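Undergrad:
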Amino acid sequence: MNSYHNKYGFERHCWAEIDLDALRDNFAYVRQVAGGPVCAVVKADAYGHGAVAVARALHQAGAAGFAVSCLSEARHLRRHGVTLPIMVLGYTDPRFARDLAHQDITQAVFSPEYAAALSAAAAEAGVSVACHLKVDTGMGRLGFGVRGDFDRALAQLKACYGLPGLSITGVFQHFAAADSDNAGDIAFTEAQQALFERTLQALRQAGCPTGVVHSANSAAQLRHPEWRGSMTRAGIVLYGLDPSPEARFPALRPVMTLKTVVTHLNRLHPGESVSYGRTYTADRERLTATVAVGYADGYPRRLSGSDAGGVMLVRGCPAPVLGRVCMDQTVLDVTDVPGVAMGDEVTVFGPAGAAAGADTADTIAQKTGTINYEVVCGISRRVPRIYLQGGALVEIWNDLEEG
Numbered sequence: 079m080n081s082y083h084n085k086y087g088f089e090r091h092c093w094a095e096i097d098l099d100a101l102r103d104n105f106a107y108v109r110q111v112a113g114g115p116v117c118a119v120v121k122a123d124a125y126g127h128g129a130v131a132v133a134r135a136l137h138q139a140g141a142a143g144f145a146v147s148c149l150s151e152a153r154h155l156r157r158h159g160v161t162l163p164i165m166v167l168g169y170t171d172p173r174f175a176r177d178l179a180h181q182d183i184t185q186a187v188f189s190p191e192y193a194a195a196l197s198a199a200a201a202e203a204g205v206s207v208a209c210h211l212k213v214d215t216g217m218g219r220l221g222f223g224v225r226g227d228f229d230r231a232l233a234q235l236k237a238c239y240g241l242p243g244l245s246i247t248g249v250f251q252h253f254a255a256a257d258s259d260n261a262g263d264i265a266f267t268e269a270q271q272a273l274f275e276r277t278l279q280a281l282r283q284a285g286c287p288t289g290v291v292h293s294a295n296s297a298a299q300l301r302h303p304e305w306r307g308s309m310t311r312a313g314i315v316l317y318g319l320d321p322s323p324e325a326r327f328p329a330l331r332p333v334m335t336l337k338t339v340v341t342h343l344n345r346l347h348p349g350e351s352v353s354y355g356r357t358y359t360a361d362r363e364r365l366t367a368t369v370a371v372g373y374a375d376g377y378p379r380r381l382s383g384s385d386a387g388g389v390m391l392v393r394g395c396p397a398p399v400l401g402r403v404c405m406d407q408t409v410l411d412v413t414d415v416p417g418v419a420m421g422d423e424v425t426v427f428g429p430a431g432a433a434a435g436a437d438t439a440d441t442i443a444q445k446t447g448t449i450n451y452e453v454v455c456g457i458s459r460r461v462p463r464i465y466l467q468g469g470a471l472v473e474i475w476n477d478l479e480e481g
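Numbered by my numbering, the letters in the sequence shown go through residues 79 to 481 in order.
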């Protein structure tokens, strides 16, 4: 048992341990490879790791700024004392132009319609909003579409520089398949970068300053550090997870470990079943352990016991899930775990699971047909985050205990 549970009166139920040493090591690795300033992407509550604590740690580590998805995420950081530059990568209601300006938040501008609406709102409020122009070179999601009609998109981009209330301070793009080894995807990614560079050159020739240029996402910055521009954006790699099975970086260290405890032991006799729907019936006598984690905590219900079911770590031994994962509880087979007892700590997923045959975020993603991003982002806010440095607790964030 970790000593901080007793020292801080922390209830051992279901919690996520966040290794700040690993986070800083990952950041240092990215900055070294990229060879320039790194903007840390902390959207989606820092991919489930807790945006405020992560931002504070990365500020100390030398982050150039932070990127979020929406205005609420940016304001959350500002309320908690984050002073470094913050950029909203997605949509902000133009009516909140005053908030963007007063809180020094940079906004992505991705279409002529959005630029006009944000400009009108900013001019009416008497403010100037810092903006980065989003160029769509092939992602097909947000941005001025230079891949189709280049001249038309370029004219739209140039027009943004003359709009009142907007201060264009940067230009960026996003890759669609930089984490793929497929020959077609590699060619597509290279074409995206070439088109982006063509756009930058055309803007500069037209007398439009491009400011802070950022092109590379997690996969691209480690595969093509020469594409970073004046800044690079680091997302999933900061949290120690590979961008894809094809883009692997052994130097990364997973930051999150999800844990719970054994709450009950039960002797299951042949013919007896477990959990909802009676999907598992014992073929022989088994010892089961109920643990305090379920799909409401972010543990996928698709890990319900089967050939591709979840496997947790109990006393250093793999313990498969039996039957269906419930909202708040899951049953494990601990027949082969020596000395298991109520109160034992259980690793639901984390780096320790890899060597023992238990789950990691990557294996859970593989079993459930998703990506590791979704696994860590899916850990619910009712799960406390425990921040560790040098193995010692430095902070607890518990949403249910706040206020």
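Here a beta-carbon is modelled for each residue, glycine too, at the ideal position from N, C-alpha and C.
Here the structure is a predicted model, which means the values were calculated and not measured.
Can you tell me whether residue 405 is buried or exposed? The criterion is at least 16 other CB atoms within 10 Å of its CB, across all chains shown.
TA: Result: exposed.
Undergrad: Under a Cβ-count criterion, where at least 16 other Cβ atoms within 10 Å of its own Cβ denotes burial, should residue 478 be classed as buried or exposed?
TA: Label assigned to residue 478: exposed.
Undergrad: Assuming residue 131 and residue 356 make a contact with CB atoms under 8 Å, what is their CB distance in whole Å?
TA: Not really, about 42 Å apart at Cβ, beyond 8 Å.
Undergrad: Enumerated in chain order, which unbroken segments of the alpha helix (DSSP H) with a length of 4 residues or greater are wholly contained in the stretch 329–397?
TA: Counting whole runs of 4 or more residues, the stretch 329–397 contains no alpha helix (DSSP H) stretch at all.
Undergrad: Grouping DSSP H, G and I as helix and E and B as strand, with all else coil, what is residue 277?
TA: If DSSP states are grouped into helix, strand and coil, residue 277 belongs with the helices.
Undergrad: In angstroms, rounded to a whole number, what distance separates the CA positions of residue 178 and residue 184?
TA: Between residue 178 and residue 184, the C-alpha separation is close to 7 Å.
Undergrad: On a CA-only basis, which of 226, 408, 382 is nearest residue 338? Give me that one, please.
TA: Checking every option, the nearest Cα to that of residue 338 belongs to 408.
Undergrad: Is residue 311 closer than 7 Å to residue 103 when the C-beta atoms are compared?
TA: Cβ distance not < 7 Å, so residue 103 and residue 311 don't count as in contact.
Undergrad: Determine the DSSP secondary structure at residue 154, reduced to helix, strand or coil.
TA: Residue 154 falls in the helix class under three-state DSSP.
Undergrad: If you draw a straight line from the C-alpha of residue 265 to the C-alpha of residue 259, how long is it?
TA: Using only the alpha carbons, I get a separation of about 10 Å.
Undergrad: Taking residue 267 and residue 278 to be in contact with their CB atoms under 8 Å, please state how far apart those CB atoms are, rounded to whole angstroms.
TA: In fact, because the Cβ distance is near 17 Å, the residues do not count as touching under 8 Å.
Undergrad: Give me the Cα-Cα distance between residue 95 and residue 169, rounded to the nearest whole angstrom.
TA: Going from the Cα of residue 95 to the Cα of residue 169 covers about 32 Å.
Undergrad: When we look at the beta-carbon of residue 208 and count the other beta-carbons within 10 Å, is it buried (16 or more) or exposed?
TA: By the 10 Å Cβ count, residue 208 comes out buried.
Undergrad: First and last residue of the beta strand (DSSP E) that includes residue 430?
TA: Element bounds for residue 430: n/a, residue is neither H nor E.
Undergrad: Buried or exposed: residue 151, going by 16 or more other Cβ atoms within 10 Å of its Cβ?
TA: Buried, since its Cβ has 16 or more Cβ neighbours within 10 Å.
Undergrad: Quick one, which of 148, 158, 160 has its alpha-carbon nearest residue 175's?
TA: The shortest Cα separation from residue 175 among 148, 158, 160 belongs to 148.
Undergrad: Once the 5 residues before and after residue 361 are set aside, which same chain residues still bring their CB inside 7 Å of it?
TA: Result list for residue 361: 348, in chain order.
Undergrad: Please report the straight-line C-alpha distance between residue 244 and residue 212, rounded to a whole angstrom.
TA: Answer to the nearest angstrom: the Cα atoms are 14 Å apart.
Undergrad: Can we say the stretch 289–302 touches the stretch 389–404, given the rule of at least three CB pairs closer than 8 Å?
TA: Taking 8 Å as the limit for Cβ pairs, the verdict is that the stretch 389–404 does not touch the stretch 289–302.
Undergrad: For the alpha helix (DSSP H) that residue 198 lies in, which residues bound it at each end?
TA: Residues 190–203.
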